[in-house]
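Peer 1: Protein chains in written order, with numbering that gives the first Met the number 0: chain A, 0 to 96; chain B, 0 to 96; chain C, 0 to 96; chain D, 0 to 331; chain E, 0 to 331; chain F, 0 to 331.
All C-beta atoms, glycine included, are put in the ideal place defined by N, C-alpha and C.
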Amino acid sequence: MDPVKRVEIVTVAVAKPRLLEALERAGVPGYTILRAAEGYGDRGRRMADEVTAVFENMYVLVACSPEQAERVTVAVRPILERFGGICLISDATSIKH
Amino acid sequence: MDPVKRVEIVTVAVAKPRLLEALERAGVPGYTILRAAEGYGDRGRRMADEVTAVFENMYVLVACSPEQAERVTVAVRPILERFGGICLISDATSIKH
Amino acid sequence: MDPVKRVEIVTVAVAKPRLLEALERAGVPGYTILRAAEGYGDRGRRMADEVTAVFENMYVLVACSPEQAERVTVAVRPILERFGGICLISDATSIKH
Amino acid sequence: MNPAYLLDNLLNPPLLFFLLGAGAALVRSDLEIPQPFPKILSLYLLFAIGFKGGVELSHSGLGGQTLAVLLSAVAMSLVVPCYVFFLLRGRLGAENAAAVAATYGSISAVTFMTAIAFLETKGVPYGGHMVAAMALMESPAIVAGVLLLRMTTRAGSAAPLPAGGATNGIAWNELLRDSFFNGSVFLLTGSLLIGAATGDRGWEAVRPLTDDLFTGVLCLFLLDLGIVATRRLEAIRKAGLPAVAFALVAPPVHAVVAMVLARLLGLDRGDALLLTILAASASYIAVPAAMRLAVPRANPSIYVTMALALTFPFNIVVGIPLYYSIIQWWWS
Amino acid sequence: MNPAYLLDNLLNPPLLFFLLGAGAALVRSDLEIPQPFPKILSLYLLFAIGFKGGVELSHSGLGGQTLAVLLSAVAMSLVVPCYVFFLLRGRLGAENAAAVAATYGSISAVTFMTAIAFLETKGVPYGGHMVAAMALMESPAIVAGVLLLRMTTRAGSAAPLPAGGATNGIAWNELLRDSFFNGSVFLLTGSLLIGAATGDRGWEAVRPLTDDLFTGVLCLFLLDLGIVATRRLEAIRKAGLPAVAFALVAPPVHAVVAMVLARLLGLDRGDALLLTILAASASYIAVPAAMRLAVPRANPSIYVTMALALTFPFNIVVGIPLYYSIIQWWWS
Amino acid sequence: MNPAYLLDNLLNPPLLFFLLGAGAALVRSDLEIPQPFPKILSLYLLFAIGFKGGVELSHSGLGGQTLAVLLSAVAMSLVVPCYVFFLLRGRLGAENAAAVAATYGSISAVTFMTAIAFLETKGVPYGGHMVAAMALMESPAIVAGVLLLRMTTRAGSAAPLPAGGATNGIAWNELLRDSFFNGSVFLLTGSLLIGAATGDRGWEAVRPLTDDLFTGVLCLFLLDLGIVATRRLEAIRKAGLPAVAFALVAPPVHAVVAMVLARLLGLDRGDALLLTILAASASYIAVPAAMRLAVPRANPSIYVTMALALTFPFNIVVGIPLYYSIIQWWWS
Ligand SMILES: Nc1ncnc2c1ncn2[C@@H]1O[C@H](COP(=O)(O)O)[C@@H](O)[C@H]1O
Ligand SMILES: Nc1ncnc2c1ncn2[C@@H]1O[C@H](COP(=O)(O)O)[C@@H](O)[C@H]1O
Ligand SMILES: Nc1ncnc2c1ncn2[C@@H]1O[C@H](COP(=O)(O)O)[C@@H](O)[C@H]1O
Ligand code: NA
Ligand code: NA
Ligand code: NA
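Given below as structure tokens:
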């Protein structure tokens with residue numbers, strides 16, 4: 000039962016390659032991605048109803064150490080600035096790592 | 000790094016228009032929706048295998064201020080009473096908002 | 000507003016029947032499943048792009064009491080050992096249960 | 000029943016794929032048609048049958064007999080909910096009785112299509128107006144079910160409000176939208192109208208999709224329904240004996256009523272079978288979608304299980320050949 | 000305009016399904032084509048039209064006129080973005096102007112296909128090289144839009160970098176990938192080349208899928224676009240009057256320019272209509288996908304709304320019959 | 000090898016779409032067939048080929064030669080895993096060797112279908128029982144792979160238990176379910192039986208879907224496989240040289256063995272090619288799904304990469320024309 004940081008990121012689905020690269024740079028041990036997310040935020044409604052992924056978001060969950068979480072926030076910030084979205088950090092305990 | 004409330008709601012997918020209206024009334028700054036959720040609860044199993052969305056749930060994530068979270072719970076309660084589901088509130092920090 | 004444990008599990012989608020059985024044994028009051036999850040972890044990349052569910056993960060959320068959460072971690076551990084994945088436990092308050 | 004028809008029916012690919020799906024669910028195979036493909040197959044089938052019906056309607060027009068059939072269909076979809084509601088209210092409770100009433104007043108488009116596939120293998124003709132009859136039977140039953148519930152449960156009770164905001168009246172707005180603008184009703188009606196408007200020229204353009212592929216796609220859809228219906232069977236215990244009994248007895252009873260009507264209206268055998276199947280079948284697509292919103296306290300494990308796991312298999316395996324045997328014997 | 004064409008067009012199933020979808024969105028029906036099926040329909044249509052164009056190209060080959068058409072098409076897709084960018088920069092801001100410029104320099108494959116369906120109902124022939132022209136018009140417009148923006152906004156500004164890492168130059172790498180290897184451009188071009196390489200033998204093998212089903216699938220896709228485009232209409236207020244005006248005035252203006260070109264090149268009526276529709280239409284699939292990455296600060300509620308909710312319906316409801324009337328009158 | 004066959008094969012649309020997909024992945028285009036459509040395409044192909052094989056079987060019946068072919072097929076699917084397991088156990092470890100053994104004992108339905116498309120362009124006939132042979136080869140290989148592993152790794156070791164609860168025996172229950180009731184095996188076998196039962200009448204009803212569209216859909220599926228297989232290539236380094244070598248050497252070796260068998264059984268050229276391709280191909284759909292559960296410690300990056308990224312492209316690009324050249328020369 001180790002304490003970990005839960006990092007959650009929501010941003011546009013088209014930014015996936017960039018986001019994965021950022022997570023890799025931050026050295027996280029793993030991540031999970033859920034696509035086909037709809038949403039609403041500062042940049043208006045994203046209905047995920049397009050014939051392309053233009054208006055589609057993705058949800059990413061990362062469980063990692065506090066230092067890795069720190070690095071993730073740094074790596075992710077420019078992506079959120081360019082494409083919009085949120086990044087939340089919370090605490091959890093993990094039964095595997 | 001601002002403290003925020005994470006509000007998570009799971010309810011039937013057909014209630015989406017009502018739920019979005021409730022979130023709007025509560026004045027939240029944004030939300031993210033994942034559809035095609037299966038589940039189990041007091042009202043039995045929802046297998047999301049129907050040809051309609053009748054047995055399908057959706058998962059909604061809202062990051063907002065404590066006051067907004069308060070208003071969300073008030074607005075969401077009648078929906079959960081009618082259609083079933085859960086609403087969880089937890090703490091996080093956000094690198095945007 | 001009752002305190003609850005949020006248990007999150009990510010593992011391979013093909014293990015769904017086993018996982019549900021484990022949750023049932025643990026006596027949880029409900030759960031929510033999101034399928035079609037991609038991911039990365041100790042066992043490499045799972046792109047969810049196969050024609051079968053071999054490389055697909057699922058995300059499961061359970062809100063329950065601390066004792067139930069304890070039982071879930073016990074029941075889930077062998078599944079994670081066989082198939083890989085993570086299990087996170089965090090705190091939340093629930094407006095239903 | 001003429002056993003040849005039962006056998007004929009059993010050698011129909013759509014039915015066999017339904018049984019294959021049921022078998023997959025029984026042996027717990029991991030075979031499944033992944034979502035949202037079943038939804039798309041169902042949209043396709045409504046699009047195809049609607050268009051075809053519309054084109055045939057553009058040939059025949061709306062004669063006196065046609066109007067009489069349409070009227071009878073609507074009448075049945077209003078009368079059935081009334082008797083069902085009062086019959087079952089004591090046993091299932093008002094909400095569940097209302098949902099079951101709407102379910103059995105309405106129709107199952109897939110059962111109808113399976114009956115058409117059955118007629119086509121026998122070369123028996125039928126009229127496009129029967130598709131119009133089907134389209135007309137979905138909404139009235141929904142409205143009837145909700146109104147029966149509202150009229151019999153008085154204000155002050157925790158009666159289900161169709162609308163989020165409505166205080167104690169009926170939210171007509173939402174009720175009409177959920178019943179008449181329901182996705183499947185809308186697509187079926189719209190395709191019917193477009194088919195009627197574009198006639199043969201439109202038909203030529205879409206025929207390879209809507210007609211040639213129809214039976215094959217129906218096979219895939221019934222494969223999925225076989226899996227889903229069989230999985231639902233486990234919920235039967237919760238539904239209770241009265242519900243199970245009703246789900247198996249109502250189809251032949253409604254079928255006989257429809258046959259009498261068909262005889263009185265002087266319908267041909269093909270149209271008679273289709274009217275019979277409309278009466279005998281129960282909705283598990285349009286009605287549940289509407290009930291989920293309008294009567295959320297009704298338990299879908301009861302009304303969907305009845306329609307999908309009992310009435311539907313009964314009709315496509317036994318009902319269609321049985322009803323057709325009777326019609327053959329009666330009409331001759 | 001010859002009103003017969005407008006009526007003919009209005010009795011075309013694809014257009015009627017577009018209107019049905021629009022109606023569903025207006026009455027807030029829950030009808031929808033669930034994701035990712037619309038994406039798959041769009042891949043199918045690109046695959047089918049590309050293959051067909053390639054096969055026809057394998058018959059006709061690349062003659063002098065063909066090359067002239069292709070060159071004109073590329074030229075239009077480069078010239079249009081330039082004038083649009085400078086016209087709208089003051090009103091919409093540089094980023095939005097660049098995105099709109101690329102949008103209108105590029106083309107809408109679905110509008111093109113609807114025009115082909117229109118020609119086919121009238122039995123008017125057209126050449127496979129028009130599909131090649133379409134394939135060639137997508138990427139240059141994207142590159143032009145991005146370059147215009149980069150050249151007019153100097154370093155030091157918070158200018159949009161096409162690349163995550165690029166410091167102040169243009170990330171050519173990513174720009175070219177996003178414009179030329181964009182999924183829809185890639186599939187269309189690839190199918191065209193495969194069609195051209197395999198010719199009639201390949202065509203026979205895939206014709207039932209790519210040709211016979213084409214119009215039917217187009218109906219389903221337009222049903223979805225009707226829903227989506229109508230929902231987008233609510234964003235029009237945010238787009239502002241200049242954007243709305245441009246979205247409705249640009250199509251006929253670009254159409255007339257294309258007709259003049261078509262006349263000069265001596266094209267037949269069918270090819271003339273298709274060149275006209277390429278010029279008059281605006282992209283809401285390939286260009287937004289590229290702009291989202293290359294110019295993320297541009298607001299898709301502006302450029303997608305213009306192309307999808309205004310220009311597209313205008314072209315398929317009024318534009319196609321209008322342009323064809325003019326061509327008929329002019330060419331005779 | 001007769002170079003004309005290689006060229007013929009290269010001008011086949013399905014193969015070209017595979018290469019197009021590979022190209023898209025190489026240039027990092029964002030082209031993809033969104034999930035779950037690839038799964039649905041694969042279900043469609045199994046449904047179609049199974050039905051067709053069943054109908055043809057209903058014509059030919061089960062003669063002596065047919066039974067001999069079926070027996071040989073099953074024998075190969077049992078013998079191959081044995082030698083593969085012992086050959087690779089030292090290099091890849093027991094779990095991975097077992098998974099690779101099952102993979103190569105089993106078959107690739109898509110390779111088989113590509114071979115059928117190849118035969119059809121040449122007008123070479125083949126028998127429906129070859130589809131039955133394919134259906135019969137999937138499950139035994141899975142069972143063999145798991146049994147080999149269980150029999151060679153003793154209790155007390157951290158041996159993979161097929162079942163969650165089984166203590167130290169083999170969970171036969173789950174093993175048989177995962178191998179014989181596996182979704183794709185179940186659908187293929189079920190469609191075969193339905194095709195055999197309904198014969199020509201059933202065939203007429205579903206032919207537009209199952210036959211006419213077959214090649215076109217195969218193109219789309221191979222487009223997806225081209226993308227996915229090429230992406231998997233990056234995992235090759237992890238798989239290691241022995242795995243790579245085996246994935247490229249095994250197909251021609253198994254092919255030659257099958258040709259000898261085919262000659263002994265007196266098969267015609269078409270059936271001979273199909274038996275050869277069954278032996279030479281490796282499973283990346285049914286077997287991985289079963290291995291994931293039965294031998295979860297085996298690394299799918301090894302066995303799926305071998306089958307999908309190496310053996311499959313080898314067979315469809317080079318193998319089919321190569322094997323057919325040899326058969327042509329040998330049989331003449
Ligand atoms: N407060 C929030 N809570 C949950 N999701 C959000 C929130 N704000 C933004 N998002 C998600 O991030 C996406 C982009 O946000 P934005 O850039 O603010 O438009 C939205 O479409 C939502 O899916
Ligand atoms: N304890 C729980 N944990 C996670 N999800 C739940 C829980 N209870 C209910 N749900 C979700 O909410 C849906 C409706 O719940 P209910 O109304 O209790 O049947 C279920 O189908 C689940 O998806
Ligand atoms: N640190 C992590 N954070 C989020 N998801 C993870 C993490 N580690 C593993 N996962 C998920 O669990 C799956 C299996 O993990 P593994 O067995 O470590 O390969 C991965 O494909 C991810 O979807
Ligand atoms: Na009925
Ligand atoms: Na244009
Ligand atoms: Na093999």
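At the level of alpha carbons, what is the spacing between Y82 (chain D) and E137 (chain D)?
Peer 2: For the pair Y82 (chain D) and E137 (chain D), the Cα-to-Cα distance works out to about 17 Å.
Peer 1: Compute the minimum distance between the beta carbon of A289 (chain E) and the heavy atoms of ligand 6, and state whether it is under 8 Å.
Peer 2: no
Peer 1: With a 10 Å radius around its C-beta and 16 neighbouring C-beta atoms as the bar for buried, classify L147 (chain F) as buried or exposed.
Peer 2: Per the 10 Å Cβ criterion, buried.
Peer 1: Name the two residues that bound the continuous alpha helix (DSSP H) containing A3 (chain F).
Peer 2: 2-9
Peer 1: Chain C beta carbons: is any one of them nearer than 9 Å to that of V75 (chain B)?
Peer 2: yes
Peer 1: Taking a cut of 7 Å between CB atoms, which residues from the region 84-96 of chain B lie near chain C?
Peer 2: I85, C86, L87, I88, S89
Peer 1: Mapping DSSP to helix, strand and coil, what is M0 (chain C)?
Peer 2: coil
Peer 1: Using the Cα positions of G155 (chain E) and A288 (chain F), report the straight-line distance between them to the nearest angstrom.
Peer 2: Reliability fails at G155 (chain E), whose pLDDT of 35 lies under 50, so the model's placement of it is uncertain and no value is given.
Peer 1: For G101 (chain B), which residues from the same chain have a beta carbon less than 6 Å from its beta carbon, with the 5 sequence-adjacent residues on both sides left out?
Peer 2: A query on residue 101 (chain B) cannot be resolved here, the shown segment of chain B reaching from 0 to 96 and no further.
Peer 1: Output, in sequence order along the chain, the residues in the region 170-185 of chain D whose CB is closer than 9 Å to any CB in chain E.
Peer 2: R176, D177, F179, F180, N181, G182, S183, V184, F185
Peer 1: Jot down the residue ranges of each uninterrupted alpha helix (DSSP H) in the region 9-84 of chain D, minimum 4 residues, whole runs only, in chain order.
Peer 2: 12-25, 36-59
Peer 1: What residues in its chain sit with their C-beta under 6 Å from that of L221 (chain E), if we drop five residues either side in the sequence?
Peer 2: P13, F16, F17
Peer 1: Looking at ligand 5, does it come within less than 8 Å of A281 (chain E), judged from the CB to the closest heavy atom?
Peer 2: yes
Peer 1: Can you confirm whether D48 (chain C), when its beta carbon is compared against all beta carbons of chain F, has any partner nearer than 9 Å?
Peer 2: yes
Peer 1: Suppose the cutoff is 8 Å on Cβ atoms and the five residues either side in sequence are ignored; what does the same chain contact list for V54 (chain F) look like?
Peer 2: Answer for V54 (chain F): G127, G194, A195, T197, G198, D199, G201, W202, listed in chain order.
Peer 1: Let me see if you follow: with CB-CB separation under 9 Å, is R27 (chain E) close to chain D or not?
Peer 2: yes
Peer 1: Chain B beta carbons: is any one of them nearer than 9 Å to that of E66 (chain A)?
Peer 2: no
Peer 1: When burial is assigned at 16 or more other CB atoms within 10 Å of the CB, is K237 (chain F) buried or exposed?
Peer 2: By the Cβ-count criterion, K237 (chain F) is exposed, with fewer than 16 other Cβ atoms from all chains shown falling within 10 Å of its own Cβ.
Peer 1: Under the three-state reduction of DSSP, which class applies to A165 (chain F): helix, strand or coil?
Peer 2: Summary for A165 (chain F): the model assigns pLDDT 42, below 50, so the residue's position carries little reliability; its value from the coordinates is reported in the next sentence. Looking at A165 (chain F) - three-state DSSP - the assignment turns out to be coil, as it is neither helix nor strand.
Peer 1: Just list the alpha helix (DSSP H) runs in the region 174-255 of chain D, keeping only unbroken ones of 4 residues or longer that don't cross its boundaries, in chain order.
Peer 2: Complete alpha helix (DSSP H) runs here, min 4: 182-206, 213-231, 235-238.
Peer 1: Pick helix, strand or coil for N56 (chain B), following the three-state DSSP scheme.
Peer 2: strand
Peer 1: Relative to chain A, which residues along the region 22-34 of chain C have a C-beta separation below 8 Å, given in chain order?
Peer 2: L33
Peer 1: Any heavy atom of ligand 6 closer than 8 Å to the Cβ of A67 (chain E)?
Peer 2: no
Peer 1: Can you grab the Cα-Cα spacing for the pair A36 (chain C) / V59 (chain A), in whole Å?
Peer 2: 10 Å
Peer 1: For A308 (chain E), count neighbouring Cβ atoms within 10 angstroms of its own Cβ and tell me buried if that reaches 16, exposed if not.
Peer 2: buried
Peer 1: Our contact map puts M290 (chain E) next to A271 (chain E) with C-beta atoms below 8 Å; I'd like the distance itself, whole angstroms only.
Peer 2: In fact, because the Cβ distance is near 30 Å, the residues do not count as touching under 8 Å.
Peer 1: Going by the C-beta, is G104 (chain E) closer than 8 Å to any heavy atom of ligand 5?
Peer 2: Set against 8 Å, the gap from the CB of G104 (chain E) to the closest heavy atom of ligand 5 is smaller.
Peer 1: List the residues of chain A whose Cβ lies closer than 7 Å to the Cβ of G43 (chain C), in chain order.
Peer 2: Going along chain A, no residue has its Cβ under 7 Å from G43 (chain C), so there is no contact; the nearest lies around 10 Å.
Peer 1: Determine the chain C residues that contact V3 (chain A) at a beta-carbon separation under 8 Å, and present them in chain order.
Peer 2: L87
Peer 1: With distance defined between alpha-carbon atoms, name the residue in F:A116, F:I48, F:E94 nearest to G189 (chain F).
Peer 2: F:I48
Peer 1: Taking all protein chains shown into account, do 16 or more other C-beta atoms lie within 10 angstroms of the C-beta of A21 (chain D), making it buried, or fewer, making it exposed?
Peer 2: Buried: at least 16 other Cβ atoms inside 10 Å.
Peer 1: Ligand 4 heavy atoms versus the CB of S28 (chain F): any closer than 8 Å?
Peer 2: no
Peer 1: To the nearest angstrom, report how far apart I326 (chain D) and V205 (chain D) are at their CA atoms.
Peer 2: 33 Å
Peer 1: Measure from the alpha carbon of A68 (chain B) to the alpha carbon of each residue in C:L22, C:P16, C:G43, C:A91, then state which is nearest.
Peer 2: Its Cα nearest to that of A68 (chain B), the residue C:A91 stands out among C:L22, C:P16, C:G43, C:A91.
Peer 1: Going by beta-carbon coordinates alone, are G7 (chain C) and L79 (chain C) separated by less than 9 Å?
Peer 2: For the sequence presented, residue 7 (chain C) should be read as Glu rather than Gly. No, they are not a contact pair.
Peer 1: What's the C-alpha gap between L292 (chain F) and L18 (chain A)?
Peer 2: Distance between the alpha carbons of L292 (chain F) and L18 (chain A): 31 Å.
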